[in-house]
Each structure stands twice: as structure tokens, then as C-alpha cells.
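Visitor:
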Amino acid sequence: MAGVTDLAYRILAKECGADFTVTEFTAASGLTRKNTYSWLKLESDKRESPFIPQIFGGDNDEMVQTVEMLRERADSIDINFGCPAPKVCKNDAGAALLRDPDRVVQMVRECIEASEGTPITVKMRLGTGSGPNTALEICKRLEDEGVARVCVHGRTLRQRYSGEADWSQIREIAEELSIPVIANGDVTSASSAKDCLEKTGADGLMIGRGAIGRPTIFHDIKRDLGWLEEGPPWGDGDDKVARLWCWNRYLELSRELYGGRPIKNLKRHAVSFTKGLPGASAMRVELHSEHDQIKLGNRVAKYLQELAYEGPIATP
Ligand SMILES: Cc1cc2nc3c(=O)[nH]c(=O)nc-3n(C[C@H](O)[C@H](O)[C@H](O)COP(=O)(O)O)c2cc1C
């Protein structure tokens with residue numbers, strides 16, 4: 179997720195139980211122009227296995243060139259046809275392409291030809307929401323082209339994030355396809371995960387907003403569905419202890435992975451890790467004016483520590 183799933187966060191999500199992580203969607207136009215900021219989004223580490231960079235674009239040549247640059251490093255490459263952002267759609271990329279199944283198929287075909295065996299996967303929505311529904315047709319054609327997996331967000335482009343994800347249409351797609359279909363949209367807990375798996379018959383789940391500030395969701399789902407044999411890395415502490423562990427681990431991983439570079443999503447994660455907690459909005463006011471990242475990280479850690487252990491910790 180853009181602005182969320184930086185490398186440190188992806189490794190944290192894995193340590194919290196996620197089986198697969200995907201990079202932020204990254205513009206093929208930036209990557210082919212060797213834009214440093216774009217390439218930083220596709221950093222990885224041996225702990226992130228499989229490594230799945232997600233790319234998007236409206237120009238087939240740029241997409242092909244990007245696949246050629248990534249195919250050696252990536253375990254699979256995911257193409258985004260799901261983004262509803264106007265600045266992406268106006269360049270005929272992201273979910274806007276779903277209005278033209280032939281273009282989607284042609285782009286994917288060229289990317290598969292260029293990938294030299296590295297699997298190509300697709301993330302998409304239930305069509306544009308205007309004109310005929312193209313989702314099932316596109317999925318079937320993509321399977322015929324050799325796409326290894328599709329992930330379907332159960333909303334149309336027009337809906338953006340409004341309304342509810344339509345899991346029944348994901349079911350239709352899952353029933354028609356032989357390749358794995360991953361269901362996405364509105365899974366925020368173990369019970370909604372169970373419900374979504376039952377209602378869609380999908381092979382797996384992708385969790386977006388439910389994991390923002392809450393990487394523990396992956397563990398919680400697996401625990402409640404009885405899929406776990408081991409306890410979590412934060413021991414037998416409650417949710418507040420888990421949040422504190424996650425925040426400290428995020429800081430630790432960021433320091434290790436980014437060296438002296440600023441942690442680009444630190445403030446955003448600080449807000450989401452503390453969302454809804456008592457006294458968090460007052461603490462966040464302090465964060466707005468804090469430009470020193472070490473102090474900011476420590477301030478959130480202190481807040482979460484006091485919350486987890488109910489009061490300031492006495493230091494000897
Ligand atoms: C802040 C934000 C950034 C996102 N960035 C991406 C992205 O880079 N790639 C992608 O495939 N989906 C992205 N999405 C969409 C989510 O992956 C997901 O499809 C959508 O939020 C619905 O799933 P959810 O209900 O689990 O959040 C983003 C969503 C949000 C809220």
C-alpha cells in the first residue's frame with residue numbers, strides 16, 4: 179500500500195504472520211527513468227521472501243522494460259489494475275484500464291513474454307462500474323495468457339472505497355478460474371476473514387486497511403482460525419503490549435534497513451499505531467511539531483509503553 183508498506187513495515191508484517199507481502203505500487207515511468215525515489219520503494223531484504231514488487235503504468239513499453247529490470251530479483255511481479263486515484267487513472271493506468279479488456283490483456287501478454295518465467299500476477303477491481311462488467315471476462319483471459327494469480331478487490335473503480343466489497347462477485351471469479359484467486363476488501367478481523375473465505379471460496383486473502391497500524395491482524399486471524407502452532411513474537415501480552423512490541427520492532431527494522439536515511443512513513447505510522455487509543459490525540463499534537471525522527475519514535479514508544487504497563491515505568 180502506497181505510503182504504508184515500506185520495507186521495514188513489510189518485514190514487520192511477516193514477523194506478525196503475513197505469508198506474502200507486496201511493495202507499494204510503483205510507476206513504471208519512474209523506474210524506467212531510473213528515478214531514485216521509485217527504486218527505493220522496491221528495496222528488499224532476504225527476510226522478505228517471496229519478494230513481490232508491484233508496478234503500474236499505461237505504457238506497454240515502459241511496463242515491459244520494468245519487467246526486464248525486475249525479473250531476476252523478483253519472485254513474482256504484480257501488476258496493478260486496481261488503483262482508483264485520479265492522477266493514476268488519467269494516465270490510463272491502474273483501474274482505468276479495466277474499461278478496455280483488450281489493452282489489459284495485451285499489456286499483461288507483453289509483460290509475461292518479457293518476464294522469462296518469473297510469474298506475473300495481477301491485482302484488480304470488479305471493473306470500472308460504468309458500462310458492462312468486465313471483471314470476469316478479464317480474469318478468464320488473463321488466466322489463458324498465463325497469469326499466475328489474481329487478487330480481486332470487491333469494488334469497482336467508481337466506488338473507490340465506498341459501500342461494501344461485493345464478495346459474491348469474487349466467488350463467481352474464483353469458481354471460474356483454475357489459478358489461485360485472492361479475495362480482497364473489508365477483511366478487518368478473524369471473523370470477517372473466515373466469512374470472506376467462506377463466501378468467496380478464494381484461495382487466500384489480501385488485507386489492506388485492516389493492517390494499517392495493526393500488523394498484528396495477521397497473527398490474530400491465524401490464531402483465531404486455528405492455523406498457528408507457535409505463539410506471537412510479543413509473548414502472551416495483550417493488544418497494548420503487542421502494539422508496543424510492533425512499534426519498537428518497526429523502529430529497530432527501520433534503523434537497520436534505512437541506515438541514516440529518514441524513515442519516510444514514520445509520522446504516518448505513528449498516527450496509525452496509536453489511532454483510537456486513550457490520550458493518543460493529545461500525544462499526536464506533540465508529534466506534529468517534532469521533526470527529529472529519533473525523538474518522535476521515542477515519544478510514541480514511551481506513550482505505548484505507559485499504556486501497556488499502565489503508568490510511567492520507574493527507572494532505577
Ligand atoms: C493508503 C492506501 C494505499 C493503497 N495502496 C495500494 C497499492 O499501492 N497497491 C494496491 O494494490 N492496493 C493499494 N491499496 C488498496 C488496498 O490494497 C486494498 O485493495 C483496498 O484498500 C481494499 O482492501 P481493504 O478493505 O483490506 O483495505 C491502497 C489502499 C490504501 C487505503
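Everything in the sequence shown is counted per the working numbering, starting at 179 for the first residue and increasing by one. Every residue, glycine too, gets a C-beta built ideally from N, C-alpha and C.
Residues around ligand 1, please: the ones whose beta-carbon is closer than 6 Å to some heavy atom of it, in chain order.
Guide: Spelled out in chain order, the answer is MET179, ALA180, GLY181, VAL182, GLU202, PHE203, GLN232, ASN258, GLY260, LYS301, HIS331, ASN362, GLY363, ASP364, VAL365, ILE385, GLY386, ARG387, GLY388.
Visitor: Identify every run of the alpha helix (DSSP H) within the segment 333-391, keeping only runs that are complete inside it and at least 4 residues long; order them along the chain.
Guide: Runs of the alpha helix (DSSP H) inside the segment 333-391: 345-354, 368-378.
Visitor: Measure the C-alpha to C-alpha separation of GLN347 and LYS318 and round it to an integer number of angstroms.
Guide: The sequence position of residue 347 within the sequence shown is 169, counting from 1. The sequence position of residue 318 within the sequence shown is 140, counting from 1. Their backbone Cα atoms lie some 14 Å apart in a straight line.
Visitor: Straight-line CA distance for ILE257 to VAL328?
Guide: Reading the sequence shown from its first residue, position 79 is the one you call residue 257. Reading the sequence shown from its first residue, position 150 is the one you call residue 328. Those two C-alpha atoms are separated by around 10 Å.
Visitor: For ARG225, is the classification buried or exposed, using 16 other Cβ atoms within 10 angstroms of its Cβ as the cut-off for buried?
Guide: By one-based count along the sequence shown, residue 225 stands at place 47. Under this definition ARG225 is an exposed residue.
Visitor: Please state the DSSP three-state secondary structure of GLY181.
Guide: Numbered from its first residue, the sequence shown carries residue 181 at position 3. Coil, per DSSP.
Visitor: From which residue to which residue does the alpha helix (DSSP H) around CYS424 run?
Guide: Residue mapping note: residue 424 aligns to position 246 of the sequence shown, counting from 1. Element bounds for CYS424: 417-436.
Visitor: Could you tell me the alpha carbon to alpha carbon distance between LEU375 and VAL282, rounded to whole angstroms?
Guide: Counting from one through the sequence shown, the residue named residue 375 turns up at place 197. Counting from one through the sequence shown, the residue named residue 282 turns up at place 104. When rounded, the distance between both Cα atoms is 27 Å.
Visitor: Tell me whether VAL463 is buried or exposed, calling it buried when 16 or more other Cβ atoms sit within 10 Å of its Cβ.
Guide: Locating residue 463 in the sequence shown gives position 285, where the first residue counts as 1. VAL463 comes out exposed.
Visitor: Hey, quick one: how far does the beta strand (DSSP E) through HIS331 stretch, first residue to last?
Guide: Sequence index remark: in the sequence shown, residue 331 carries index 153 (1-based). That run of the beta strand (DSSP E) goes 327-331.
Visitor: What is the DSSP secondary structure of THR210, counted as helix, strand or coil?
Guide: Position 32 of the sequence shown, counting from 1, holds the residue named residue 210. Helix.
Visitor: What's the call for ALA460, buried or exposed, on a 16-neighbour Cβ count within 10 Å?
Guide: Position 282 of the sequence shown, counted from the first residue, corresponds to residue 460. Exposed, because fewer than 16 other Cβ atoms sit within 10 Å of the Cβ of ALA460.
Visitor: What number of angstroms, rounded off, separates the C-alpha of LYS473 from the C-alpha of LYS480?
Guide: Sequence index remark: in the sequence shown, residue 473 carries index 295 (1-based). Sequence index remark: in the sequence shown, residue 480 carries index 302 (1-based). So the two alpha carbons sit approximately 10 Å from each other.
Visitor: Is it true that the segment 274-288 meets the segment 198-211, where meeting means three or more beta-carbon pairs spaced less than 8 Å apart?
Guide: With a cut-off of 8 Å, the segment 198-211 and the segment 274-288 do not count as touching, because too few Cβ pairs lie within range.
Visitor: Buried or exposed: which applies to PRO494, given that a residue is buried once 16 or more other Cβ atoms fall within 10 Å of its Cβ?
Guide: Stepping through the sequence shown from its first residue, residue 494 is reached at position 316. A caution first: PRO494 carries a pLDDT of 47, below 50, which makes its placement in the model unreliable, though a value can still be read off. Under this definition PRO494 is an exposed residue.
Visitor: Do GLY379 and ARG349 count as a contact pair if the criterion is CB distance below 9 Å?
Guide: Position 171 of the sequence shown, counted from the start, is the residue given in the question as residue 349. Position 201 of the sequence shown, counted from the start, is the residue given in the question as residue 379. Yes; because the gap between Cβ atoms is below 9 Å, this pair is in contact.
Visitor: Can you tell me where the alpha helix (DSSP H) holding PRO132 begins and where it ends?
Guide: Only positions 179 to 494 of the chain appear in this structure, which leaves residue 132 out of reach.
Visitor: Count the other CB atoms, across all protein chains shown, that sit within 10 Å of the CB of TRP345; report buried if there are 16 or more and exposed otherwise.
Guide: The residue you call residue 345 lines up with position 167 of the sequence shown. TRP345 should be labelled buried.
Visitor: Does the separation of the CB atoms of LEU485 and LEU444 fall below 9 Å?
Guide: Within the sequence shown, the letter at position 307 stands for residue 485. Within the sequence shown, the letter at position 266 stands for residue 444. No, these two residues do not count as a Cβ contact at 9 Å.
Visitor: Compare the Cα-Cα distances from PHE234 to each of GLY260, SER227, GLU321, GLU323 and report the closest residue.
Guide: Residue 234 sits at position 56 when you count from the first residue of the sequence shown. Nearest C-alpha to PHE234: GLY260.
Visitor: Taking the alpha-carbon of PRO297 as reference, which of THR312, ILE230, ALA205, ALA313 has the nearest alpha-carbon?
Guide: The residue given as residue 297 occupies position 119 in the sequence shown. Residue ILE230 is the option with its Cα nearest to PRO297.
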